[in-house]
Every structure is written in C-alpha cells, then in structure tokens.
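Structure, as structure tokens:
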Amino acid sequence: MGGVALLLPFIEFKPNRVAEGEAFHLWSIGLTWEPWLLAAIVLTALLLGLSGEGPRVRAGKVAVGIALFAATLPAALRAGLILVTDQTPFGRVGPVSGFWVLVLATFLIVEGSLRTARYSPLLKGAIRALPPTIVILALATGGLDSFAMVQEYVNRADRFSQELVTHLRLAAGAVLAAVTAGVPLGLLAWKRRAFERPVFAAVNTIQTVPSLALFGLMIAPLALLSRQFPLLRAMGVQGIGTAPALIALTLYALLPIVRNTYTSLSVIPDAVIEAGSGMGMNRYQLLRLVEAPLSIPIILSGIRTSVVQAIGNTTVAALIGAGGLGVFVFQGLGQAAPDLIVMGVIPIIVLAVLVDRGLAVLIALVTPAGLRKDPP
Amino acid sequence: MIEFTGVSKRYGDTVAVDSISLRVEAGEVCVLIGPSGCGKTTTLKMVNRMLNASSGVITIDGRDVASLPVEQLRRSIGYVIQSVGLLPHLSVRDNIAIVPRLNGVDRRTRYKRADELLDLIGLDPAQYRLKYPHELSGGEAQRIGVARALAADPPILLMDEPFGAVDPLNREVLQTEFLRLQRALKKTVMFVTHDLDEAIRIADTVILIKDGRIVQHATPEQILARPRDQFVRDFVGKDRALKRLSCFAVRDYIRQARQISQQDVAAYSNGEHDEEPVVWVNGPAGVLVGVLQRITAQSGAAALSAGARASFRMISLKPEDVGVAPMSSMKEALSRLLGQGMRAVPVLDERNCIIGEVRLPDIEELNQAVL
Chain A
313 MGGVALLLPF IEFKPNRVAE GEAFHLWSIG LTWEPWLLAA IVLTALLLGL
363 SGEGPRVRAG KVAVGIALFA ATLPAALRAG LILVTDQTPF GRVGPVSGFW
413 VLVLATFLIV EGSLRTARYS PLLKGAIRAL PPTIVILALA TGGLDSFAMV
463 QEYVNRADRF SQELVTHLRL AAGAVLAAVT AGVPLGLLAW KRRAFERPVF
513 AAVNTIQTVP SLALFGLMIA PLALLSRQFP LLRAMGVQGI GTAPALIALT
563 LYALLPIVRN TYTSLSVIPD AVIEAGSGMG MNRYQLLRLV EAPLSIPIIL
613 SGIRTSVVQA IGNTTVAALI GAGGLGVFVF QGLGQAAPDL IVMGVIPIIV
663 LAVLVDRGLA VLIALVTPAG LRKDPP
Chain B
84 MIEFTGVSKR YGDTVAVDSI SLRVEAGEVC VLIGPSGCGK TTTLKMVNRM
134 LNASSGVITI DGRDVASLPV EQLRRSIGYV IQSVGLLPHL SVRDNIAIVP
184 RLNGVDRRTR YKRADELLDL IGLDPAQYRL KYPHELSGGE AQRIGVARAL
234 AADPPILLMD EPFGAVDPLN REVLQTEFLR LQRALKKTVM FVTHDLDEAI
284 RIADTVILIK DGRIVQHATP EQILARPRDQ FVRDFVGKDR ALKRLSCFAV
334 RDYIRQARQI SQQDVAAYSN GEHDEEPVVW VNGPAGVLVG VLQRITAQSG
384 AAALSAGARA SFRMISLKPE DVGVAPMSSM KEALSRLLGQ GMRAVPVLDE
434 RNCIIGEVRL PDIEELNQAV L
C-alpha cells in the first residue's frame, strides 16, 4: 500500500481559496531527499511484513510505522514551503490521496502490531500519542501555516475557540441531563416490570428519529411555549437556539444510558444477590459490595456511547442556531469550501476520540479485576 | 439445636408449609427431602429468615429467630446454595472472608482465616487464594461456597441442594468431603436435597416432606426398612433394599478371611479339602494378588469317582478392582461381589493387605429386615 501511495498525487496547490487545485506527485514537487527517505521506510515496512512474527519484528513494525508518519508530515511541510511563495500570497496547499494513504498505512502498521503486542497499557498509550504529538509540534512551530485547513483556522481563530466551547457545553450538558434522567429511568424499568416496556418503547423510538427531524420537531412546540409563557422566554427558551438543541441531544443520549443501566442490573445473577443477603448483608452493604461494583462499569460504558454520540450529534445543532463546530461544517458546505468543512470536522473527530479513550481508561480502572477477561 | 413449632408459610391461599414441627439436635445432619415443590426449601429458608414464617415459632438454642436482628441472625448461620453465588468481582479469599468482613474483622485476620479454610476444604491456599470465581470449576466453586459459609465459624449450616449442580462423580467426592468436615466440625446442619442416595449417605436423620407436611422423620435406615406409608415406599423406590445397604459400613461386618501366601499355593492344592472355601492369596509384603479356584476334573467319570481330590489354581486379581475399604458401604461391597461373581469380597487396608472379608450371607441377612 505504501508503494502505491508513493505514486499517487501527494499534495495539491491552490493559488487562492476557491480556485481549482493542481495536484503534485511526491517526486515532482522539487523535494530533494524526502521522497527517497519515504521510499526507504516503505521498503523496510514491506520487508518486516514478510519476516513473520515475534516481539522483535513487532517492535520493528511499530518503529517503522511511527517513522513513516514522522517522515510524511515534514515532506508535506517542505512541499508547502516550496509551493507557496511570495508570488502567491493567497496560495495554500492541501494534502491529497498520497498523503492520506501514507497516514492510513502508518495507522494500520502501528495499530496492527499493537493489537497483539503484550506491552503495558501505558506504553501502548504513549506510542499511540506519538503521531498526534508530531502534528501538534508541527502546528505549534508554524510549519503547517501554508496548509489550507490551517489558513481557514487562522482566519477564524476567535470564532473557532468560541464555537468549540459551545460545542463542548452543548454535548456535556445533554449527557449530564441524560445521565440524571436515564439512570433513574433504567432503575425504574428494572425494579417495576410495568415500566419496562413503555420506557424502552419511548427511548427506542426517539433513537430512530433522524436527528435533523428531531431538531425540526422541537421548533414548533418550543416556539409556542415561549410565546405563551414569558418566563420561559426570559430564560432563553425559543423555537431555535440552545434550548431545543439541548432537549433533542438529551433525548438522543438517553437510550444507551437507560439500556445499560437496565442491563447492568439484570445481569447480576440472582444467586449472587441471594448469597449476599443470605450471608447477612443489609441493603446498603448489598449495594456497596455487590450491586455497585458489578453495574457501574456497564453504566459507564453506556455513558461513553452517549458522549461520543452527543459530540457527533451536536454538529447538527448548528442548523437550528445553537452554534458549535457544526457552524464551520455548514458554512463550508454553503461556500463550497471543503477545507473549511474539514476544519470543522477534524476537531469533532479528535474530541470524540479523546473522550472515548478517556472514558475507556476510566472504565478499565473501575472494572474489578475479577470481571476483566483480558487486560485493556 | 433448631426447633420448629407449628410453623406454616402461606402465599395468599396456597399453603407452602403446613404447621410443621421438628427438632434438629446440635451436631446432627438433618436432611429435608421430598418431591419438588413440597416445601423443603421454604422450610429451610425460614430458619435464616430469607422467608418469614406466616405463623408458628422457630427457635435456635431456645431463642426465637424472629426476635433477632435479621442481619445478625444470618451472619451467625452458614448458608450454602445450589448456584453457589460467589461474588464474581472478588477473589477467592475475599469471597471466603466476606462474613468476617461484614462483622468488621480486620483484613489480616480475615485473610489468615481464609487460608485456614482453604486448607480445611483441601484446596492449596497459595494456589487458590487469588483466583477469581470464573477461573474455578463447578466443584471448586461449591467447595469455596462451603468454606465461605464456615468462615465466621457459625454453629449452624443451612445447605440448599448444595451439590445439585455438580456432576455425579464430583458430587460423591463432595459428599465424602462434607462427611469428613462434619466429623471434625460437628455443626448442626439442615440440608435440602431431592437425591435420596445423597440423603442416605450423609444424613443422621431424614425428614420426608410432601405437600408442606412431614410424612416421616426417622434415620435413613428406618425410612428404608420401615416406610411409614405407600408414599414413602414409592418415594424410596423399589430398590430400597439396595439403597438401604448404603446405610451400613463394611467395617461392622468384617469376617476373618482365609489367606495363604503365594509360595504355598502348590502345597495347598495337593492337600485334602472337603468344602469350597474362599482362599485369598498374598504376594510379597502381604499384598493381595489373587484367589484360589477349584478345578474340577476334566472327565465326568473322574469327577464322580469317590475320593477324587480337588485341585486348585490361582486366579490373579487386581486389589483395586475387587477390594473394599472398611469405610465403604455394604452397597459397594455387594456391587463388587456381583461384579466379580464371588461369594466374598476382601476388605483391604491402604496398602492393599487383607484385613478380612465380607460374605454374601451377611448381606442377605441384612436385607431380611426389609424383605
């Protein structure tokens, strides 16, 4: 795959924001030694891939994967510097297929070897953190300034941080509200059989409504409410904006939380509860020593699903004027500026991945050793 | 001592337990048995108030269980259930030490106690203390369950079909171990089962329950020998005579065995012997190696001729195939007898040397009482 990547167009140059780009191959940009370095690394990776299994080969693959990334990015940087000159002040470069395929190759090599490796979770985490660190370094040193995406960001730095905060607040608020409502709902569904069906019918139905439609559905009733009750309007409840977005996002976030709370309780074997109370545990001890340790990891993984979902769904909230990173995505769509879309989407993905990994670590920490089938 | 006086349990209109009175003496193993749904488990669960009696009084050593705080009551009673119910997130030693933990015993003392109990139930503490329930076999988990019930050294054990989910082979091992433990610990045990063989094996007294009432309360031997009515007779089955043999230990029926050593076989064969005794042959170090068999003369004429001398030859035996131990039951002795087609089985010590023998007529005599 690396071999193919070397032949694909590597980088694209646009004289200004909306002009048609011109694609360059790695070899035709005017780079000196970088293409050869990349080719050498790809060749090494190929040889390693053919040399079978073993901890040494695996360590080699990880190193080569990281090296590939570490070499790809500077190559793109240098290409940017060469292509964007003083004659083209609005010029910008954007990575295209060749670049992305090389990044994908990095990912596959590193992840593929890490999956079966018996490294400590800490070491694995550190290795995985290396490529993002390289990117951050490149950004910090200004090396990526000629990149289109970065230029879009530089033009909107203030707006960006503002919308990022809005995005986070919307998602976090929705999940918090969903936890507050969802955990008790799950408990209720489990404790009282009569509630089980209606509760699940409701949250399942909500989940099937497309997000845009749900946002749309909020507009009319909330607008009506806000007109009827001045107090609500004073609190900022309107047909569009934050209030309907929060409500819709909360409703979406409910299902995984309710479902996992319910499941976490129903998978505790009756025998364990019977043994616990038969040995003389009171209600509180049963909760602390038996129910909580067994159910909390499952509830948390429900929250994890919810958060990741909410971060994604919040993007759509921009459409009803609630703000968030979706603003850039839809602006980009409107202006046919793909770089702007990417600028909005990448932070959303990064956010989702970060939160997902963070919660995964937390879940691993609260999962009692006896329940772990294999190390995380 | 556990005593029930007129205890009933009703669910609405259905009566699960109907005015039961019984007494389990201290140090006794009392087995509750009966068809499923007869109320035996309900009866058991009223002792530690997993269920509360609708009427009547249950006392432990004279104290009404209803008057004690329920948690305190339960912590003073060991409780073993069929599905074990080990806490999956706790290690074996934390599972065993859970009741001491509830009682506020410090960690060091708790873990020491857990190791003692692992020793007691015959599992190596070094190997097992840090395992988790999902790493245990069914039999191991059940043993840990018993150890857990014993952790706070309660005088009373309630066992609700504890070996019911274990395969037959392991069940017998667990029963033997339970008997060994019980001989050492002398707990007052109430034990629910639907397996008559299990009841006969481990019970001091058996209570047969039907439709929430006690049908017969007696020793296993009495129940088999003198079933009170048709229900009991049907319940114990047509093979009750055979089952009853499980109540008797070989050590009470050992007779002197005739034995010669291997070198003397030829000499013996040439001697005069009018009857047909069972003669065991010992090899080196007195270990059983075979039995003598009479060879009748080949031709009919020779056999008929008066004064024909019997000759013998030795048939090799494997001690572990034919012998029984003094602790074995008479049922096992009979099954060995039938299996080998002999009139006696040798009773062997641990080194496979003959202690004595058990004879068929003795077993038949034992059964006279039933038939």
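Quick note, the sequences are listed as chains A and B, same order. If you want the working numbering, it's the 1-based position in the first sequence plus 312. If you want the working numbering, it's the 1-based position in the second sequence plus 83. Glycine included, each C-beta is placed from N, C-alpha and C at the ideal position.
**Asked** Applying the criterion that 16 or more other CB atoms from any shown protein chain within 10 Å of the CB defines a buried residue, is MET410/B buried or exposed?
**Response** exposed
**Message:** Whole angstroms are fine: how far does the CA of ILE446/B sit from the CA of ALA349/B?
**Reply:** 32 Å
**Request:** Reducing DSSP to helix, strand and coil, say where PHE246/B ends up.
**Result:** coil
**Spatially closest choice to GLY373/B from GLN346/B, PRO402/B, TYR351/B, by CA coordinates** = PRO402/B
**8 Å contact criterion, which CYS121/B and LYS270/B should meet: CB distance rounded** = Contact doesn't hold; Cβ gap of about 25 Å is too wide.
**Asked** Just curious, the beta strand (DSSP E) that PHE395/B is in, first and last residue?
**Response** 394-399
**Message:** So with CB distances below 8 Å, who are the chain B contacts of ASN594/A?
**Reply:** GLU154
**Request:** Verify the CB distance criterion: does ASN135/B have a CB-CB separation below 8 Å to chain A?
**Result:** no
**Item:** Under the three-state DSSP convention, the category MET273/B falls into
**Value:** strand
**Message:** List, in chain order, every chain B residue whose beta-carbon is nearer than 8 Å to that of LEU359/A.
**Reply:** None at all; the shortest Cβ gap to chain B is about 42 Å.
**Request:** For ALA583/A, decide whether its Cβ has a neighbour in chain B, counting only Cβ atoms nearer than 8 Å.
**Result:** yes
**Asked** Of all Cβ atoms in chain B, is any one closer than 8 Å to the Cβ of ALA681/A?
**Response** yes
**Prompt:** Exposed or buried, what is HIS300/B when buried is set at 16 or more other beta-carbons lying within 10 Å of its beta-carbon?
**Reply:** buried
**Request:** Name, please, each residue of chain B whose Cβ falls closer than 9 Å to the Cβ of LEU606/A.
**Result:** LEU170, PRO171, HIS172
**Prompt:** Are LEU443/B and ARG426/B close, meaning C-beta to C-beta below 8 Å?
**Reply:** yes
**Asked** Residues in its own chain within less than 6 Å of ARG669/A by CB, not counting five upstream and five downstream?
**Response** none
**Asked** Within 10 angstroms of its Cβ, does ASN135/B collect 16 or more other Cβ (buried), or is it exposed?
**Response** exposed
**Request:** Determine the direct distance from the alpha carbon of PRO556/A to that of LEU674/A, and round the result to whole angstroms.
**Result:** 31 Å
**Asked** So, do the stretch 599-606 of chain A and the stretch 518-530 of chain A have three or more beta carbon pairs nearer to each other than 8 Å?
**Response** no
**Message:** By the three-class DSSP mapping on this structure, what secondary structure does ALA389/B have?
**Reply:** Since pLDDT at ALA389/B reaches only 44, below the 50 mark, its modelled position is unreliable, and the value read off the structure follows with that caveat. Coil at ALA389/B, not helix or strand.
**Prompt:** Quick one: what's ALA301/B bridged to in DSSP?
**Reply:** VAL289/B
**Message:** Please confirm whether GLU603/A has its beta-carbon closer than 8 Å to some beta-carbon of chain B.
**Reply:** no
**Request:** Kindly indicate the opening and closing residues of the beta strand (DSSP E) around VAL100/B.
**Result:** 97-107
**Asked** Of all the alpha helix (DSSP H) runs that stay within the bounds of the stretch 143-176 of chain B, which reach a length of 4 or more residues?
**Response** 153-158
**Asked** What residue range is occupied by the uninterrupted beta strand (DSSP E) comprising GLY89/B?
**Response** 85-94
**Message:** Applying the 10 Å Cβ sphere with the 16-neighbour rule, what's the burial state of PRO429/B?
**Reply:** buried
**Request:** Assign GLN342/B to one of two classes, buried (16 or more other C-beta atoms within 10 Å of its C-beta) or exposed (fewer than that).
**Result:** buried
**Message:** Cβ closer than 9 Å: which chain A residues qualify as neighbours of ILE143/B?
**Reply:** Ordered by position in chain A, no residue passes the 9 Å Cβ test against ILE143/B, which lies about 14 Å from the chain.
**Request:** With DSSP as the reference, label ALA427/B as helix, strand or coil.
**Result:** strand
**Message:** Restricting to Cα atoms, I'd like to know which of THR617/A, VAL447/A, ALA649/A is closest to LEU566/A.
**Reply:** THR617/A
**Request:** Indicate whether GLY644/A and LEU637/A have their beta-carbon atoms separated by less than 8 Å.
**Result:** no
**Start-to-end residues for the beta strand (DSSP E) that takes in TRP345/A** = No beta strand (DSSP E) holds TRP345/A; DSSP gives it neither H nor E.
**Request:** Please name the residue or residues paired with GLN376/B in a DSSP beta bridge.
**Result:** ARG396/B
**Message:** Quick check: the Cα distance between LEU400/B and SER412/B, rounded to an integer number of angstroms?
**Reply:** 21 Å
**Prompt:** Would GLY366/A be called buried (16 or more neighbouring beta carbons within 10 Å of its own) or exposed?
**Reply:** exposed
**Item:** C-alpha gap between ASN253/B and THR259/B, whole angstroms
**Value:** 10 Å
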